[in-house]
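Worksheet: one structure, shown below.
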Amino acid sequence: MAWLPPDPNTSLPSGFPSQILEFIAVERKWEIDESIMRKKLSSFEDPRDPLWLVIFPEGTDYTEKKCIKSQQFAAENGLPILRNLLIPKTKGFFACLEVLRNSLDAVYDVTIGYKHRCPTLIDNVFGVDPSEVHIHAQRILLCEIPTSENEAAKWLIARFRLKDQLLADFTTLGYFPNPGTEGDLSTMACLAKCSMVMVLTGIFVYLTLFSSVWFKIYVAFSCASLSFATYFNVLPSPLHDCTKALFYGKMKTM
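The sequence shown begins at 1 in full-length UniProt numbering and counts up one residue at a time.
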């Protein structure tokens with residue numbers, strides 16, 4: 001799964017995870033971002049390499065101040081006035097479609113509604129869950145999305161106008177249309193997974209602190225390699241390329 005967030009390297013703790021999860025770092029300046037995005041997206045083109053690309057077309061989080069600014073921009077440019085969302089950035093969305101059109105089969109339009117109130121960052125830090133979360137998802141075949149940039153931009157803005165109305169109705173009714181019910185999670189399965197994570201974490205911490213000097217050298221070398229790869233944006237080859245080379249290598253030796 002790849003993500004398209006703001007530049008993750010500006011936040012030091014997220015550098016390594018961002019590199020591993022194949023985040024696409026952007027500066028929110030199209031003259032800078034276009035070449036970076038297209039180069040990174042081209043590494044996802046092979047249809048044999050399964051891909052989920054998560055994008056937030058608004059380009060930033062929603063705040064009242066940003067909403068007012070977005071509404072002013074919309075009014076000045078003849079765009080719909082959105083009250084629950086920001087006007088989406090269409091150029092990045094179209095670049096994703098243009099590069100990956102032969103690698104993807106659909107776009108999933110996902111809208112999330114929080115009952116009562118949206119959790120804050122502090123709530124997330126202290127593990128305070130929202131009382132109720134509603135998710136509306138719609139699968140849109142790629143062939144239904146226009147191929148020209150202008151038409152794709154109009155299509156995206158029209159989708160956001162529908163999403164804005166969807167959220168407005170959710171605020172009034174408390175649910176999305178055609179609601180379904182999610183089954184309860186298995187307590188035993190959750191406990192088993194949590195225990196596995198804790199045991200593996202404990203083992204690696206023990207090996208790091210009390211094992212031989214060679215393991216400590218390995219850990220230090222791994223951290224240094226990740227730092228180098230993150231700072232200089234060195235990307236590994238896709239896994240399917242490695243397995244393909246290994247497979248063909250074995251075939252030739254037979």
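Ideal Cβ placement from N, Cα and C applies to all residues, glycine included.
Reduced DSSP category for residue i - H, G, I as helix; E, B as strand; rest coil
i	result
D123	helix
S18	helix
V234	coil
8 Å Cβ cutoff met for residue i and residue j
i	j	result
L166	T111	yes
F94	E149	yes
H134	K115	yes
S103	F170	no
L82	V107	no
P80	I145	no
L97	Y62	no
T60	K66	yes
V99	S42	yes
E58	P88	yes
residue 275	W155	Look at the range of the chain in this structure, 1 to 254, and you will see that residue 275 is not part of it.
L207	F215	yes
D109	Q138	yes
I24	M37	yes
F160	G113	no
N84	A168	yes
D219	F228	The amino acid at residue 219 is misidentified as Asp; the sequence shows Val. Taking 8 Å as the Cβ cut-off, V219 and F228 do not qualify as a contacting pair.
Identified DSSP bridge partners for residue i
i	result
Y114	V133
N-terminal and C-terminal residue of the beta strand (DSSP E) that residue i is part of
i	result
L53	L53 to I55
Residue interval of the alpha helix (DSSP H) (run including residue i)
i	result
I36	W30 to S42
L200	T187 to F210
F215	V213 to Y231
**Prompt:** Whole beta strand (DSSP E) runs in the stretch 54–78 with 3 or more residues, listed along the chain?
**Reply:** If we require 3 residues or more, the stretch 54–78 turns out to have no beta strand (DSSP E) run fully inside it.
**Asked** Can you list, in chain order, the stretches of the beta strand (DSSP E) that have 3 or more residues and sit fully within the UniProt domain "Acyltransferase C-terminal" (127–183)?
**Response** Annotation: the UniProt domain "Acyltransferase C-terminal" (127–183) contains the following complete segments of the beta strand (DSSP E) (minimum length 3 residues), in chain order: 133–141.
**Unbroken stretches of the alpha helix (DSSP H), 4 residues or longer, contained in the stretch 79–112** = Runs of the alpha helix (DSSP H) inside the stretch 79–112: 90–100.
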